[in-house]
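Residue numbers (the UniProt record's numbering): 1 to 251.
From the three backbone atoms N, C-alpha and C, an ideal C-beta is built for every residue, glycine too.
Down below is the structure, laid out as structure tokens.
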């Protein structure tokens with residue numbers, strides 16, 4: 001069965017994704033900025049809300065590039081330790097999503113080793129910083145050696161479907177050492193083709209639905225009058241599509 005991971009930054013989306021059948025979420029803040037580490041309160045709320053669904057918490061100190069100085073790296077290590085100390089009432093699987101590069105476009109091995117060590121036995125995903133590396137083959141093997149469990153990627157293409165051939169090559173290279181998580185433009189209409197063409201066992205997507213905000217005033221820089229929330233309909237459509245495809249293959 002193909003694993004479906006939903007990327008979200010709305011706390012209500014945790015229950016929405018779980019009820020719609022997703023297997024896992026990536027919990028973030030400020031997805032409009034590409035995603036940063038959610039607050040401790042947000043992670044605590046997600047842990048209270050989840051009863052089954054796995055939670056991967058994004059650890060990203062700031063937007064823009066993935067080249068971090070020592071202070072930024074220490075802040076991310078501290079965030080990981082703080083999140084690991086939170087209560088987990090339902091005992092759901094909690095992991096972390098990280099990514100650190102050097103200025104020459106290679107994986108920052110030392111920084112990644114520190115972050116992975118801070119995560120302890122929690123599963124670690126290396127995020128789409130991977131798509132900026134100069135040599136994906138070298139990077140994948142380095143990440144496997146560092147204990148990274150999963151790599152989120154579109155093989156450097158704009159979408160997972162555009163990068164299908166590259167993703168298939170990464171799946172072959174990874175073998176059973178690292179899971180390739182296909183992300184980038186995955187939608188209900190193309191998820192089956194993405195899985196079929198790449199051989200990935202996991203897919204990652206946002207499922208946004210735009211709603212009006214509750215503010216009473218005119219739109220401002222702080223409240224433009226609308227925001228994105230997680231759509232249960234989109235999540236359910238993706239889950240149903242991959243389940244139907246799996247059933248057809250088994251028949």
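CA nearest to the CA of residue i, picked from the options
i           : options               : result
residue 37  : 237, 96, 107 and 244  : 96
residue 235 : 54, 22 and 185        : 22
residue 101 : 119, 135 and 83       : 135
residue 124 : 155, 57 and 92        : 57
residue 114 : 189, 75, 163 and 196  : 75
residue 90  : 47, 180 and 149       : 47
residue 98  : 25, 88, 77 and 105    : 77
residue 175 : 185, 161 and 149      : 149
residue 195 : 26, 139, 241 and 65   : 241
residue 84  : 107, 213, 43 and 109  : 43
residue 170 : 162, 154 and 158      : 154
residue 188 : 162, 244, 129 and 128 : 244
Cβ pair residue i, residue j closer than 7 Å
i           : j           : result
residue 229 : residue 69  : no
residue 183 : residue 152 : yes
residue 191 : residue 203 : yes
residue 156 : residue 131 : yes
residue 50  : residue 4   : no
residue 59  : residue 40  : no
residue 160 : residue 133 : no
residue 45  : residue 63  : no
residue 116 : residue 139 : no
residue 66  : residue 118 : no
Beta bridge counterpart(s) of residue i as assigned by DSSP
i           : result
residue 152 : 181
Same chain, Cβ closer than 8 Å to residue i, neighbours up to 5 away in sequence not counted
i           : result
residue 31  : 7, 8, 9, 206 and 228
residue 239 : 4, 20, 21 and 22
Cβ shell of residue i (< 6 Å), same chain only, five flanking positions each side left out
i           : result
residue 93  : 54
residue 73  : 111
residue 168 : 198 and 199
residue 232 : 16 and 20
residue 223 : 213 and 215
residue 166 : 155
Residue i Cβ short of 6 Å to the ligand FAD heavy atom set
i           : result
residue 100 : Only the bare structure without any ligand can be found here, which leaves the ligand FAD out of the picture.
Unbroken stretches of the alpha helix (DSSP H), 4 residues or longer, contained in the region 86 to 145: Positions of the alpha helix (DSSP H) runs, each at least 4 residues long and wholly inside the region 86 to 145, are given as 109 to 119 in order along the chain.
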